[in-house]
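For the sequence shown, position 460 (counting from the first letter as 1) is numbered 509 according to this note's numbering, and the numbering increases by one without interruption. For reference, the structure is listed below as structure tokens.
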Amino acid sequence: MKQFKFCLLLCLAIILAASNSFSGGYKITGQAVYEHISILADDSLEGRQVGEAGEWKAAQYISSVFDDIGLVSAGDNGSSLQSFIFTKKIELGQSNRLSINGQDLKLLEEFEPMRQSASREFSFENVVFVNYGIIVDSSDGSYSDYDGLEVDGHAVVIKRYAPDSSDNPHVDFSRYSSLTNKISTAISQGAAGIFFITPSSYDDTLPKFGATRITPKDIPIVHLRRAALEKLKLDLDSPLIMTAAGECELLKTRDTGYNVLGLLDTGNDSTVIIGAHYDHLGWGAAGSRYMGKEKMIHNGADDNASGVAAILELARYFESKKDELNYSILFAAFSGEEAGLLGSNYFSKNMTVNSEAVRMMINFDMIGRLKDQQSGLAIFGTGTTAQFKSYFDSLDSDELHVVNKEPGTGPSDHTSFYNQSIPVLHFFTGAHNDYHKPSDDVESIDIEGTVRVIELAARTITHFDELKEELLFQKTVDPDAGRRRASFSVTLGIMPDYIAEVKGLRVDGVTPERPGDRAGLLSGDIIIGLGGNPIGDIYDYMNCLGKFRKHDTTYVIVERANDTLRLEVIFE
């Protein structure tokens, strides 16, 4: 039934598109935009998560629209699809087992190897309880759960969360209580294995970690569930574990995602890229803000069926004006954005058009809530070439309130192209309470406002198509970056590569005039250490950043080609 409904919606959309064409060109209408969003955000696509059946259905729909428009397939082997491989999840193998104090425990019900764990056998004759496993720097109050304990070469038992602040009023635990921090601290103290338990007053559920961003450690790491402690008749908050033996086996499951690419070929090798991501969170993947217990489909009408509707309508609009265009246009629907810009990152490094002749890139992500935003439409990247700034500074947007933002980076696909030194623009109508929740449905989309955004984009594209000047790329500095650091008081000012499978953190871009840039970090460097702390993945990196303050001086260890470099960093 779901497949029949999807096919019916597809046919209706194509019929509607044909009815909007006329001799003077194609007219973008609210009805057409609504149909695209309704199809992509329909329950039958089950949230369009990368690697799932719903992503494939969405890709087929987008491809069929490209074909109907008459775009040239610009993917792999003459198709409109460009495939990329990614780590979809880290699953438990068949060999996981655990015995505590000589008693066997049940997998999942009583214990579960954590996704950060090494895959290996282990046997510990000495297991040390280290309370919350926290060591706080003197700048935050000075505290250590490891004082007086010998853990080198032994396994440790660590409670999740942090001590009661009323017992430690002068200690700030906020930067030290994450699982990532506790793992890093235990490893730095020489621990050979880690068993996490949950304090009796807290829920025993572990948070989700994005599989694409985890690099396994070299030691076994296990969540020992409350049911195990109860079975063993151990104290829930300070269990006495004498021995632990078993095996952890974790297997990376890789899958294939698909970008959908259609070229409006004018015969000019110079190309404008117009893109939007079409994937979302499925039934609630990592990143979901939904707090309910029952799984629900996250349809992602605004995020980002609205952006895909924009590129589909712009493709049909500009195809109707093909004879008037100077530059070719590649329309690109990216997948894997929600998992870390996977599709756009891959495409930006494996372009199916001449990468040396890409004139500019325009990205649409969440453009469907204009009427809900007092600040109007935000356009990022206006500083990435001089011509953008002069155009948008003088723009008459017909009462559409536009806020120009110069930075060319941010949490969407335009960043992948900025990192390739391509001028970018990013259209965004702002966040809202339905963001990354099942309630982000088509009923909440401001269709009229979405059409206005698309029309403005069409005028912008036309302007820069008619402009014969070369668009020279400019790096930008984000003046608001400091306000977006959450609990971090410092940052290196780098953009991570989420798709590279390396031990460490690969740098995809470096923001000018920030500590990383001044230290000499370059795109392509792999950070393997910061301030004496090993960096295995992005979680280690973020955890380590939280330990530094403004004006601290430290060093970063990077692998660059065949060299290992030590660079001094001064945090601002």
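A virtual CB, placed ideally from N, CA and C, is assigned to each residue, including glycine. Just so it is clear, the structure is predicted and the values come from calculations on it, not from any experiment.
Cα-Cα separation, residue i to residue j
i	j	result
F244	V271	5 Å
E362	V82	7 Å
S369	I416	23 Å
I545	T458	Per the sequence shown, the amino acid found at residue 545 is Pro instead of Ile. Approximately 12 Å, taken between the alpha carbons.
N394	I290	46 Å
F160	I184	26 Å
E104	R97	4 Å
K454	F477	11 Å
E343	Y251	20 Å
L374	T315	7 Å
Y547	T560	17 Å
K552	D221	31 Å
I503	V452	16 Å
D284	R209	15 Å
V556	A568	13 Å
T602	I584	18 Å
K266	L273	18 Å
G74	H475	26 Å
D286	S249	6 Å
R169	L300	12 Å
N308	L94	17 Å
D189	I207	21 Å
D201	N126	55 Å
S187	E562	30 Å
P269	D117	53 Å
S652	N592	Here the chain covers residues 50 to 621 and nothing more, so residue 652 does not appear.
G389	E84	28 Å
R338	I428	25 Å
D483	D489	5 Å
CB contact flag (residue i, residue j, <7 Å)
i	j	result
Y659	A107	Residue coverage of the chain in this structure runs from 50 to 621, which leaves residue 659 outside it and unanswerable.
H463	G425	no
Y588	T247	no
G100	G306	yes
F367	G324	no
T433	V473	yes
D86	V491	For the sequence presented, residue 86 should be read as Ile rather than Asp. Yes, they are a contact pair.
F620	K596	no
G565	G581	no
S461	N412	yes
W332	I346	yes
S397	Q469	yes
I378	L313	yes
Y604	L554	no
A277	G242	no
Cβ neighbour criterion (16 or more within 10 Å) applied to residue i
i	result
A381	buried
Q131	buried
D586	buried
V152	Per the sequence shown, residue 152 should be read as Gln rather than Val. It is exposed - the Cβ of Q152 has fewer than 16 other Cβ atoms within 10 Å.
E617	exposed
S487	The sequence given here places Pro at residue 487; Ser does not occur at that position. Per the 10 Å Cβ criterion, buried.
H512	exposed
D574	buried
A406	exposed
S233	buried
F71	With a pLDDT of only 45 at F71, under the threshold of 50, the placement of this residue in the model should not be trusted, and no figure is reported.
M163	buried
S465	buried
T613	exposed
S166	buried
L157	exposed
G430	buried
D318	exposed
Anticipated Cβ contact below 8 Å, residue i with residue j, distance rounded
i	j	result
A123	T401	5 Å
Y376	R408	6 Å
H219	G336	No, H219 and G336 are not in contact; Cβ-Cβ is about 35 Å, not under 8 Å.
A359	I494	Wrong, their Cβ atoms sit about 12 Å apart, outside the cutoff.
K137	G182	30 Å between Cβ atoms; not a contact.
G385	Y467	Actually they are not in contact, since the Cβ atoms of G385 and Y467 sit about 18 Å apart, beyond 8 Å.
V177	L198	6 Å
V607	I576	5 Å
L134	R303	Per the sequence shown, residue 134 should be read as Ile rather than Leu. About 5 Å separates the two Cβ atoms, so the contact holds.
E387	T292	About 43 Å separates the two Cβ atoms, so there is no contact after all.
L520	Q436	6 Å
### Message
Does the structure place the region 233–247 close enough to the region 111–124 that three or more beta carbon pairs sit under 8 Å?
### Response
Output reads no: the region 233–247 does not touch the region 111–124.
### Query
If we count Cβ pairs, one from each stretch, closer than 8 Å, do we get three or more for the region 293–303 versus the region 138–151?
Contact between the region 293–303 and the region 138–151 is present, because at least three Cβ pairs lie under 8 Å.
### Task
Flag this pair as touching only if the region 404–419 and the region 347–357 have three or more C-beta atom pairs under 8 Å; answer yes or no.
Contact between the region 404–419 and the region 347–357 is present, with at least three C-beta pairs closer than 8 Å.
### Task
Specify whether the region 252–260 and the region 182–198 touch according to this definition: at least 3 beta carbon pairs, one from each stretch, less than 8 Å apart.
When Cβ pairs closer than 8 Å are counted between the two stretches, the region 252–260 is seen not to touch the region 182–198, the count staying below three.
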